[in-house]
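Below: the structure, in C-alpha cells.
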Amino acid sequence: RDDRSIVPCLQMLFTRLWLVLFPFLFAVPWLSGSHVPSIFAGIRRSQGVRYYPTVENPPTANPSWEMPLSVAASAPQYCVANSVLNFTGMGLRRIGDSFINTTYARELYLDGNDIKEISETAFDSMKGLEILSISGNNLPTNKLLWFHYHETLWRLTIDDNVDDTSMNDGSVQGMLEHFPRLEYLSLRRNGISRVDVQFDKLAPVLNWLDLSGNRLESFDFVVDLPRTMKNLYLEDNDCSCTINKLPSGIEYLQVSGNRITELCNENCSHASLSLRGLKKLKILTVSRNNVRYLDLSHNQIIEVMNLCDNILTSIETLNLSNNYISMIDNNFVNMLYLRTLDLSNNRIAILPTMLIFNSRSLEVLLLRNNSIEDIDDLFKKNSFKELELHLQDNPFSAVKYSNFQVHLKDRDTRSELTNRVSIESFGEIDDIDDVDDTDDVSQSNVQSTFEHWFVRLPFIHWRSKLDIFGNILQSEEAFSNEL
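So this is what it looks like as C-alpha cells:
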C-alpha cells in the first residue's frame, strides 16, 4: 500500500520539476552563444585593458544573425555592469537625445546602419561609455566629431561614412567640447578633404590617429597634434602636401599613397616629409610616393643591402651621412635617377669603384671622413665618367699612377693636407716644369706644378672633379687655395 502511494507522489514531483526546468532547457539556448540578441552582446571582454585592431584596415562586419527591430523593441533588455551594446545593422536612421540612459554600458556599436543624424547629447546619459563605433553610416562629414564633452570615452571609430548631402564640402569640424581621455580616433575612408580640428584641445591625450583613405588636401593639422601622439596613419590621400612639425614622440608613421617627393630633416621644399626631431620613430612607410630626395642622415644604419631594389627607384638625392655603414651595396648602380649620394662620416674602408665607374647617372659622390686608406684603383682605368668625388679626411696618404707616386700628407696623421707635397717620379712627361725641392720652395710653385701635372692624367675629363682633403682637382679651374 505504501508503494502504491509513493508512485503518484513521484509523478507529481516530476511534473512540477519539468514545469520549472522547461524554460531553461529551451529558452536559455536561444539567449546564449551566437543567438544573443544584437542589442545586448554580453559583458565587455577587456575591462580595464586598452586594445587596438589586430587586423590592418578591419572591414565593417555585419552580425550573422540580427533580431528583427519589432522583436528588439518589445523585448525587455537590462544592462549589467560592463555591458556591450550592439545595434549593428538594425536600420537605424537617427540617434536622438539621451539615446540610452545607463551608466553600465562600456561599449556601444552602431555600425552598418543608415544613420544620418546624431544628436549632440545622444551619449550624455552613458556616463561610463568607453568605446564607441559608428562606422558604415551616412553621417555629414562636417559633424563627424559633433559630440558633447564625454568624460570616459577613450576609443572612437567613425569609418566608411558616405555624406550624400549637397552641402558637403569635405571638411571635419570639432565642437568646443573635448574628450579628456580619448586615446584612439579612427576616421578612415570618409571623403574628408580638410580637417579644421585642434586635436591637442579636442583630445589632449590622443596617441592613435587614423585618417587614411580620405582625400585630404593639406596636412597642416598635424602641427596641432598633442605631444602624446605615437601612431599616425595618413595613407592613400593622394596629397601633394608638406608634413612637418610632427610631435617628437611619434613611433609609427604611415604616409604611403601620397605624392611626397622629399624626405628631409631641414630646408624642406613643397610636398616633403620632415623627419626632424622624430627621435623615437620606429616604423616609417612611404611606399607609392614619388620620393626624389631622401635624407636618412644621423641614424644608426649599419647596412643598406637591397635598399635600391624596386624601392627607391625615383630617388635623385640620397643622404646617408653620419651612420655606421661599412660596406656599399653595388645595387646603387641600378638607381637610374640617382645624381647625388652622400656617404660622409661613416665607416667605409674600401673605395666603391664599382659605383664610381659604373653608375649610370651619379654626378656627385661624397665619401668624406671615412676609413678609406687606398684610392689607387681610381687610376687603373683610362676612362673616368663625369663625376665629382669628395674624399676629404680619409686616412690615405699617397696616390699612385703608373710610375708616379704622389704623397699628399704624412701617413700617420689625418689632419688637413700639409704644405709638403712631393712627387717622387715624373716618368717621361716632357712639358712639366722642374720642381724646386729646396727647403724654401714656395707653396705657390708646388701648387702650380702639381696642378699642371695632374690635369694631364687621362682619367680627368671635362667637368670631372676630384676633391682630396679639400683640394679640388679639375680640368678647367685652378687648384684649390686650401692646398
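Under our numbering, the sequence shown is numbered contiguously, ending at residue 546. Using N, Cα and C, we set each Cβ at its ideal position, and we do this for glycine too.
Leaving aside the five residues before and after Gly276 along the sequence, list all residues of the same chain whose C-beta is less than 6 Å from its C-beta, in chain order. Arg251, Arg252 and Asp299
Notebook entry, point to check: Hey, Thr291 and Gly320 are a contact pair by Cβ (cut 8 Å); roughly how many whole angstroms apart?
Noted result: The pair is not a contact, with the Cβ atoms about 26 Å apart (cut-off 8 Å).
So who's on the other strand from Ser335, going by DSSP bridges? Glu325
**Message:** On the DSSP letters alone, give me the boundaries of the beta strand (DSSP E) that Leu429 sits inside.
**Reply:** Val427 to Leu429
Below 8 Å between beta carbons: does that hold for Leu208 and Gly254? no
* Which residue from Val349, Arg431, Ser422 and Ser424 puts its Cα closest to that of Asn386? -> Arg431
Mark Asn352 as exposed unless 16 or more other C-beta atoms lie within 10 angstroms of its C-beta, in which case mark it buried.
buried
**Boundaries of the alpha helix (DSSP H) in which Asn421 is found, first to last residue** = Thr416 to Asn421
Work out the CA separation of Asn330 and Ile197 for me, nearest whole Å. 41 Å
Pick from Thr165, Met153, Leu441 and Arg322 that is closest to Asp280, judged by C-alpha positions
Correcting the residue type first, residue 280 is Glu in the shown sequence and not Asp. Considering only alpha carbons, the answer is Arg322.
| said: Pop quiz: Lys345 and Glu314 are said to be a contact at Cβ under 8 Å. What is the actual Cβ separation, rounded to whole angstroms? | reply: 5 Å
Item to check | Residue ranges of each beta strand (DSSP E) within the stretch 256-300, 3 or longer | outcome: 257-259, 271-273 and 294-296
- Query: For Leu430, is the beta carbon positioned less than 7 Å from some heavy atom of the ligand MG?
  - Reply: Judged by which ligands are present, the structure shown has none, so any question about the ligand MG falls away.
| said: Does Ile69 come out as helix, strand or coil in the three-state DSSP assignment? | reply: helix
- Anyone know if the C-beta pair for Pro167 and Ala144 falls short of 8 Å? In the sequence as presented, Pro is not what sits at residue 167; that position holds Tyr. Going by C-beta atoms, Tyr167 is nearer than 8 Å to Ala144.
ask   = Using a Cβ-Cβ cut-off of 7 Å (strictly less than) and excluding sequence neighbours within five positions of Phe242, which residues of its own chain qualify?
value = His213, Leu216, Leu265 and Ala266
Q. For Gln317, which beta-bridge partners are listed by DSSP?
A. Tyr296 and Thr348
For Ser424, count neighbouring C-beta atoms within 10 Å of its own C-beta (all shown protein chains included) and say buried if the count is 16 or more, exposed if not.
-> exposed
Quiz item: Start and end of the beta strand (DSSP E) containing Val147?
Solution: Ser146 to Asn149
Report the partner residues of Asp226 according to the DSSP bridge assignment. The partner list for Asp226 (beta bridge, DSSP) is empty, contrary to what the question assumes.
(message) Using a Cβ-Cβ cutoff of less than 6 Å, which residues in the same chain neighbour Tyr296 once the five nearest sequence positions on both sides are dropped?
(response) Asp273, Ser275 and Gln317
Considering only residues of the same chain and omitting the five flanking positions on each side of Ile365, which have a CB-CB separation below 6 Å? Tyr387
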